[in-house]
Amino acid sequence: MDSSLALLSSNYAYWSLCNEAKTRASTNQRNPPSNDAIDDAISEDLKRPDGLAQLVKNHVGMQQRDLKLRQHCSSIRSCREIDCWKLVLDETMQRDYEVQCETARLDLDLISKKRLERVSKEFKIAFVRRRSREDIDAFLNDENASSKVNIHSGIERIQISARREEEKIQGLYSELDLLDALERMQPSGIYSAQVPFVPSFWSAFQTPLQPISIEEFRVKFKELGPAFAQFGMDELSEQCAEFATSFLGIANCVCAARDAAQARNFSKRGIPSHLRASMWDLMIQSDMFIDHITYAQDECRSIRAQIAKYSLLTDRIILNDVNDWCKNDDTFFVFEDMIKGILLLWGRDGWILKNAPNASGMSIADMDSKLAGTMKGKWGLPIQKYPPNGLYPFRGLSNYAMIVSFIQPEIEPAYITFRQLYVRYFHNLHTISCHPHSLPNLLTTFESLLKSLDPLLFLHLTQNAGTVPIKFAFRWILYGFVGVLDVEQVLLLWDRILGFETTELLSAVAAALFLFRRERLMHVRGEKDVEAVLSDFSMVKVIPLLQHYYFIHGRSLDKLAKEWRSFTSVASEEVDSESD
Numbered sequence: 001m002d003s004s005l006a007l008l009s010s011n012y013a014y015w016s017l018c019n020e021a022k023t024r025a026s027t028n029q030r031n032p033p034s035n036d037a038i039d040d041a042i043s044e045d046l047k048r049p050d051g052l053a054q055l056v057k058n059h060v061g062m063q064q065r066d067l068k069l070r071q072h073c074s075s076i077r078s079c080r081e082i083d084c085w086k087l088v089l090d091e092t093m094q095r096d097y098e099v100q101c102e103t104a105r106l107d108l109d110l111i112s113k114k115r116l117e118r119v120s121k122e123f124k125i126a127f128v129r130r131r132s133r134e135d136i137d138a139f140l141n142d143e144n145a146s147s148k149v150n151i152h153s154g155i156e157r158i159q160i161s162a163r164r165e166e167e168k169i170q171g172l173y174s175e176l177d178l179l180d181a182l183e184r185m186q187p188s189g190i191y192s193a194q195v196p197f198v199p200s201f202w203s204a205f206q207t208p209l210q211p212i213s214i215e216e217f218r219v220k221f222k223e224l225g226p227a228f229a230q231f232g233m234d235e236l237s238e239q240c241a242e243f244a245t246s247f248l249g250i251a252n253c254v255c256a257a258r259d260a261a262q263a264r265n266f267s268k269r270g271i272p273s274h275l276r277a278s279m280w281d282l283m284i285q286s287d288m289f290i291d292h293i294t295y296a297q298d299e300c301r302s303i304r305a306q307i308a309k310y311s312l313l314t315d316r317i318i319l320n321d322v323n324d325w326c327k328n329d330d331t332f333f334v335f336e337d338m339i340k341g342i343l344l345l346w347g348r349d350g351w352i353l354k355n356a357p358n359a360s361g362m363s364i365a366d367m368d369s370k371l372a373g374t375m376k377g378k379w380g381l382p383i384q385k386y387p388p389n390g391l392y393p394f395r396g397l398s399n400y401a402m403i404v405s406f407i408q409p410e411i412e413p414a415y416i417t418f419r420q421l422y423v424r425y426f427h428n429l430h431t432i433s434c435h436p437h438s439l440p441n442l443l444t445t446f447e448s449l450l451k452s453l454d455p456l457l458f459l460h461l462t463q464n465a466g467t468v469p470i471k472f473a474f475r476w477i478l479y480g481f482v483g484v485l486d487v488e489q490v491l492l493l494w495d496r497i498l499g500f501e502t503t504e505l506l507s508a509v510a511a512a513l514f515l516f517r518r519e520r521l522m523h524v525r526g527e528k529d530v531e532a533v534l535s536d537f538s539m540v541k542v543i544p545l546l547q548h549y550y551f552i553h554g555r556s557l558d559k560l561a562k563e564w565r566s567f568t569s570v571a572s573e574e575v576d577s578e579s580d
């Protein structure tokens with residue numbers, strides 16, 4: 001009993017509900033409320049459709065989902081138990097794949113550690129440095145001021161004091177490092193002996209989990225089909241004026257009811273922009289709270305205090321990454337300060353260390369004695385891992401924060417939304433693991449969908465153009481299509497990802513974009529030509545794209561056979577010319 005009470009008292013939701021009950025019980029009373037008054041207030045609130053009972057229901061449902069979505073799969077078998085994925089390789093090859101994933105992950109960690117040490121030595125910047133009194137005051141100059149003011153004043157001081165050469169400091173690993181790690185995960189001799197029917201040109205990357213088929217896609221994502229009206233597409237037509245009105249009415253009712261399950265079902269068809277922030281939070285927040293703003297302020301206050309007291313080398317890496325990505329993008333340039341504030345909070349948050357499956361970092365035991373002494377010494381810095389959130393900042397991290405910057409006007413609620421999205425979705429996009437939603441499996445899903453939709457296009461790119469489609473789709477999926485599609489299209493896509501609770505849609509969109517440019521791609525003869533054809537998708541509408549290629553698009557067998565004969569005849573002529 002004592003252990004249960006201790007666990008309950010450590011939960012933010014417990015104290016949030018207690019404070020809310022006291023507040024409501026004392027609304028019309030001058031004296032402090034009695035226990036009976038508090039009990040009556042709780043009982044009355046539990047009866048309300050949008051009251052405490054709904055909050056508890058949302059919280060319990062989210063905790064159950066987190067057991068599946070946040071679990072870091074250390075084995076293929078656990079992945080299958082989580083998502084009921086089908087295995088296409090035997091146990092020996094499963095173990096081989098698990099070893100490859102773990103080796104690749106450890107290699108990236110080692111690269112990050114070595115680069116962090118090299119940057120520290122090259123630019124003579126300490127891993128951890130206590131700030132001067134002047135800098136602390138700049139962050140905490142007014143307790144009543146917003147975190148936006150405090151964080152940004154500190155950012156300016158960091159940048160002013162930084163030397164010019166420090167602008168060269170970038171993320172500890174890049175997309176090229178990730179792609180290189182994936183390319184090294186080639187099938188071993190076991191694969192080539194037991195799977196001889198999969199030549200290298202036909203499959204650039206293989207995992208033991210069977211990707212979703214086109215038929216399964218249509219069933220799993222049926223709400224994306226043309227039989228269902230879609231926000232972000234149908235409300236724009238004159239024939240569907242009534243749809244927009246009724247859809248907005250339903251959206252307002254869902255937000256008022258504060259039912260997470262209803263929000264997920266609604267999100268499968270898109271969310272109006274002015275309700276997106278509240279509905280996203282309904283779907284992803286794992287902690288239970290009454291007031292989102294108050295909760296966000298409470299969570300960020302302690303993190304801001306740590307930012308004020310000491311600086312980290314990783315702070316500068318984060319700030320330089322934001323500078324690099326925002327300065328070249330007119331769309332996100334105006335959000336630069338907000339993105340910096342979000343990522344500075346992210347870099348210090350111990351909540352991330354506890355909840356992100358990929359968080360590890362360097363422990364005190366792994367550090368040299370001098371650094372460990374600094375971390376544990378007279379400053380009393382509350383750091384058990386380096387970085388404090390357990391995650392090395394990588395090049396392109398800013399892209400994830402860009403998604404949130406468009407839906408939340410203030411840093412504090414924006415950060416709370418961002419960290420939930422990170423531990424539930426974003427971390428999988430740059431992580432090599434056995435999880436079905438990790439980057440390797442998303443790339444395999446993309447390749448499988450593209451081959452199913454248009455095998456001739458895939459063969460042309462691999463044989464005639466001498467390139468691998470994954471090289472181009474990799475970057476799109478890695479950054480969640482930020483910088484590829486128009487901002488509103490990215491948000492409409494992520495509405496569906498949150499509603500269906502899967503990032504497989506990223507793979508589906510990537511395959512559809514190849515088909516969208518099929519006519520031009522069938523004439524390319526090299527990798528640079530492919531890159532030019534796939535360079536601009538700013539005008540693409542993502543929902544019509546998915547509907548057309550996964551629910552409407554069909555190619556006759558006669559046309560496919562004709563193109564196949566043309567392809568094979570050209571290939572045979574090239575072989576004959578080479579032999580001559």
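With UniProt numbering, the residue at position 279 of the sequence shown is 279, and numbering never jumps.
All C-beta atoms, glycine included, are put in the ideal place defined by N, C-alpha and C.
When DSSP reads this structure, K385 sits in a beta bridge with S363.
Across the structure, H430 and N389 are spaced so that their CA atoms are roughly 16 Å apart. In its chain, beyond the 5 residues on either side, I407 have a beta carbon closer than 6 Å to the beta carbon of R276. With contacts defined as CB atoms closer than 8 Å, N399 and W280 fail to qualify as a contacting pair. Counting of Cβ neighbours within 10 angstroms places V99 among the exposed residues, the total staying below 16. Judged by DSSP secondary structure, S398 falls within the alpha helix (DSSP H) whose first and last residues are 398-405. Pairing L457 with A512 gives a Cβ-Cβ distance that is not under 8 Å. Counting every other CB atom within 10 Å of its CB across the protein chains shown gives I307 a total of 16 or more, marking it as buried.
The three-state secondary structure of S311, taken from DSSP, is strand.
Within the DSSP secondary-structure output, V482 pairs in a beta bridge with L485. Of the other Cβ atoms in all chains shown, fewer than 16 fall within 10 Å of the Cβ of E519; this residue is therefore exposed. The DSSP assignment places 260-267, 276-284, 292-309 as complete runs of the alpha helix (DSSP H) inside the segment 249-324, in order along the chain (cut-off: 4 residues). For the pair V542 and L498, the CB atoms are not nearer than the 8 Å cut-off. Under the three-state reduction of DSSP output, V490 falls in the helix class. Under the three-state reduction of DSSP output, L140 falls in the coil class, being neither helix nor strand. Segment contact: the segment 328-336 against the segment 174-182, fewer than three CB-CB distances shorter than 8 Å; contact not assigned. Counting other Cβ atoms within 10 Å of its Cβ, I552 stays below 16 and is therefore classed as exposed.
Contact between G171 and D321 holds: CB atoms are separated by about 5 Å, below the 8 Å threshold. Taking one beta carbon from each stretch, the segment 433-447 and the segment 207-219 have 3 or more pairs nearer than 8 Å; the two touch. Three or more pairs of CB atoms, one per stretch, sit closer than 8 Å, so the segment 295-313 contacts the segment 341-361. With a 10 Å radius around the Cβ and a threshold of 16 neighbouring Cβ atoms, D536 comes out exposed. Look at V128 here: in three-state DSSP terms it is strand. Within the model, the alpha-carbon separation for Q420 versus S112 is close to 24 Å. From the listed residues I125, Y97, E215, the smallest Cα separation to L182 is found for Y97. Looking at the backbone, the Cα of L534 and that of L116 are separated by about 34 Å.
Inclusion of H292 and P413 in the CB contact set at 8 Å is warranted, their separation being smaller than that value. Per DSSP, reduced to three states, the secondary structure at L534 is coil, with no helix or strand assignment.
Spanning the alpha carbons of Y386 and T245 requires a straight line of approximately 51 Å. Linking A356 to H523 through their CA atoms gives a straight-line distance of about 44 Å. In the structure shown, P455 falls within a helical segment according to DSSP collapsed to helix, strand and coil. With distances taken between CA atoms, K528 lies nearest to T467 out of F481, T467, L353.
Per the C-alpha coordinates, the member of C101, E91, V219 positioned closest to H435 is C101.
Taking C-beta atoms as the reference points, I470 and L108 fail to come closer than 8 Å. Contact between R269 and Y550 is ruled out by a C-beta separation of about 15 Å, above the 8 Å threshold. DSSP, read as helix, strand or coil, puts D349 in coil.
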